[in-house]
Amino acid sequence: MIVKEEGLKRSVGALGLSANIINIVIGSGIFVLPAIIAAKMGASSIIAYVFCGILMGLVMLCFAEAGSKVTNTGGPYAYIETAFGDYAGFIGGILAVSGNFFADAAVSNALVNVMASAYPIFENGWPRFLFLFILFYGLVYINVIGLKQGIGLVKFTTIAKLIPLLLLIAVGWKHVSWGNLEFHSLPSIKTLGEASLILFFAFQGSETGLIVGGEVIDPKRTIPKAIFISITSIAFIYIMVQTVAQGVLGSDLPNFKAAPLAETARVVFGAFGLMLLLVGTIISMFGYMSGSILNSPRILYALSRDKVIPIKWLSKIHKSFATPHIAIIVYATIGFALAVSGSFEQLVVIATSSVLLLYLGVALSVIRLRKTHKSLPGEFKTPGGLIVPLLSIVIILYFLSNLARNEIFYTIIIIGALSLMFVVITYFKKRNHE
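The numbers in our numbering rise by one with no breaks, and the one at position 101 of the sequence shown is 167.
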């Protein structure tokens, strides 16, 4: 059961929280995935962006309502635990952490791959290992010494990553060939589902930005406001970026899977554009990593704080810096281990399936919280009764149905293993209590 926060300070406002969400979501995906989606859907790829944007809009309305009711640190874990109890909270919390582990590993691999394209020394061996080590533990240091420093870095990287994207949209619009955007038939439901499942990686992450709920000023108002600002901005930028890339490169877009936006910028700006977007890509991925290592360890902290996992020292707060320093170090260490042993392609689908299950839990928790928690003044409530959470559930189940059979099998095995782990932990907790 969720307990009162101890030691954390409420210092994150609407601007900081909006930047935190945008920074997490606009990571590596939008710089890498446009070519992959175009290869699957051609000019009709914009439909997948609209589809994913609608899903995220619905899901984030659920997050806004749950976040205005449950204001503890922990984000989606806290919402699910409050609505359904320890077992659901345990599953949701572990899925949140594991999804972020794999997403961090995917993005850090993509980052080092971009570096290797310019400096081949980073392709493998000790230079690659050392780069990843400095990346993870440098961010650990920044986020351990204070939330203010972590949020400050997030705000800086958010602005830095948006500048090249907005320049590409503004200037690239003049170079769009409208014939490249024409398509004569709609994609099949299967094709749309398969492409959207991959593309969804570029949209996920908002839930990570909300984990700092216990450190947000006036969360009942700030959380819904920040969600609206961030999701609207992200959807607009993504749709415009894909439109410009498709409009400029046309049928050649799928040929530039390593850095499609950098190639688009080369056509629009020349050599300067190529360098601008490569630097923007690096900053964006670094920004994602800085935001994730700011936010994600707080799920470990919350799981330990609520005694969902029997590891007390993960909930310790640094006396001088008021940060969950041990959780930050442990989280980064696991992420680093995954990063040095995996690749971007292998990790994307695993991260996406974990997050979709988490979103399903949040949509269900909204329905449950409406029945078990009385609405208080100032709380946000999604319009249309239960339409928004029910639509979210239907679309999430559609996404999950597009997983391959072996991916569905492994997901079921993971849920089963987590359930067994919960039973064992609960047994020993009761035995120790007795």
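Here a beta-carbon is modelled for each residue, glycine too, at the ideal position from N, C-alpha and C. In this text the structure is predicted, and so the values were computed from the model without any measurement.
I think residue i touches residue j, with their Cβ atoms under 8 Å apart; what is that distance to the nearest whole Å?
i, j, result
"Ile300", "Val91", "5 Å"
"Leu177", "Val406", "About 13 Å; that fails the 8 Å criterion."
"Ala144", "Asn138", "5 Å"
"Ala311", "Pro326", "6 Å"
"Ile392", "Lys382", "5 Å"
"Lys291", "Ala80", "5 Å"
"Asn209", "Ile348", "Asn209 to Ile348, Cβ: 20 Å. No contact."
"Leu231", "Val180", "About 15 Å separates the two Cβ atoms, so there is no contact after all."
"Ala403", "Cys128", "About 33 Å separates the two Cβ atoms, so there is no contact after all."
"Gly357", "Phe202", "That belief does not hold up - the Cβ atoms of Gly357 and Phe202 are roughly 14 Å apart, past 8 Å."
"Leu360", "Val396", "15 Å between Cβ atoms; not a contact."
Excluding the five sequence neighbours on either side, which residues of its own chain have a C-beta within less than 6 Å of the C-beta of residue i, listed in chain order?
i, result
"Ala483", "none"
"Leu422", "Ile462, Phe465 and Leu466"
"Leu344", "Ala328"
"Ala149", "Ser431, Arg434 and Leu435"
"Thr477", "Ser419"
"Ile305", "Tyr115"
"Gly427", "Ile146 and Gly158"
"Lys70", "Here the model assigns Lys70 a pLDDT of 48, short of 50, so the residue's position is not dependable, and the following value carries that caveat. Around Lys70: no qualifying Cβ."
"Gln270", "Val421"
In whole angstroms, what separates the C-alpha of residue i from that of residue j?
i, j, result
"Ile453", "Trp244", "37 Å"
"Met67", "Phe156", "Note that Met67 scores 45 on pLDDT, short of 50, meaning its location in the model is unreliable; the coordinates nonetheless yield the value given after this. So the two alpha carbons sit approximately 11 Å from each other."
"Thr389", "Ala109", "47 Å"
"Phe222", "Phe167", "23 Å"
"Asn89", "Ala268", "12 Å"
"Leu469", "Phe387", "43 Å"
"Leu83", "Thr288", "8 Å"
"Ser296", "Val220", "14 Å"
"Ala130", "Lys286", "9 Å"
"Trp379", "Ala398", "16 Å"
"Thr330", "Val314", "7 Å"
"Phe475", "Val206", "35 Å"
"Ser501", "Asp170", "This structure cannot speak to residue 501, because the chain is shown only from 67 to 500."
"Val78", "Ile217", "8 Å"
"His439", "Gly451", "15 Å"
"Leu228", "Thr298", "14 Å"
"Pro449", "Ile120", "15 Å"
"Pro142", "Leu265", "22 Å"
"Ile225", "Ile491", "44 Å"
"Leu233", "Ile96", "15 Å"
"Ser174", "Pro443", "42 Å"
"Gly316", "Ile255", "23 Å"
"Glu189", "Ile200", "16 Å"
"Leu342", "Ser164", "33 Å"
"Gly212", "Ile160", "25 Å"
"Ser458", "Phe302", "20 Å"
"Phe294", "Gly191", "43 Å"
Can you check whether the CB of residue j is closer than 7 Å to the CB of residue i?
i, j, result
"Val489", "Pro455", "no"
"Ser162", "Leu424", "One point to set straight first is that residue 162 is Ala, not Ser, in the sequence displayed. Taking 7 Å as the Cβ cut-off, Ala162 and Leu424 qualify as a contacting pair."
"Glu281", "Arg76", "yes"
"Ile103", "Ser111", "yes"
"Leu319", "Arg332", "no"
"Ile480", "Ser272", "no"
"Glu445", "Ser134", "yes"
Excluding the 5 residues preceding and the 5 following residue i in the sequence, name in chain order all residues of the same chain whose CB lies nearer than 8 Å to its CB.
i, result
"Val237", "Val334 and Phe335"
"Thr309", "Ile112, Val242 and Leu247"
"Lys323", "Val98, Ala101, Ile102 and Ala105"
"Lys495", "Lys373 and Pro376"
"Pro193", "Ile187"
"Val107", "Sequence inspection shows Met at residue 107; the Val mentioned does not correspond to that position. Within the same chain, Met107 has close Cβ partners Ile113, Ala114, Pro253, Thr257, Leu258 and Ala261."
Using a Cβ-Cβ cutoff of less than 7 Å, which residues in the same chain neighbour residue i once the five nearest sequence positions on both sides are dropped?
i, result
"Val136", "Ala144, Tyr145 and Thr148"
"Lys447", "Glu131 and Ser441"
"Tyr153", "Phe488"
"Leu258", "Ile113, Ala114 and Phe117"
"Trp239", "Val310"
"Phe195", "Val406"
Compute the minimum distance between the beta carbon of residue i and the heavy atoms of the ligand SAM, and state whether it is under 6 Å.
i, result
"Ile229", "The ligand SAM is not part of this structure, which contains no ligands at all."
Does the pairing of the segment 460-469 with the segment 169-188 give three or more beta-carbon distances under 8 Å? no
If you pair each beta-carbon of the segment 368-386 with each one of the segment 248-259, do three or more pairs fall below 8 Å? no
Does the segment 345-357 come into contact with the segment 116-132, if we say contact requires no fewer than three beta-carbon pairs (one atom in each stretch) closer than 8 Å? no
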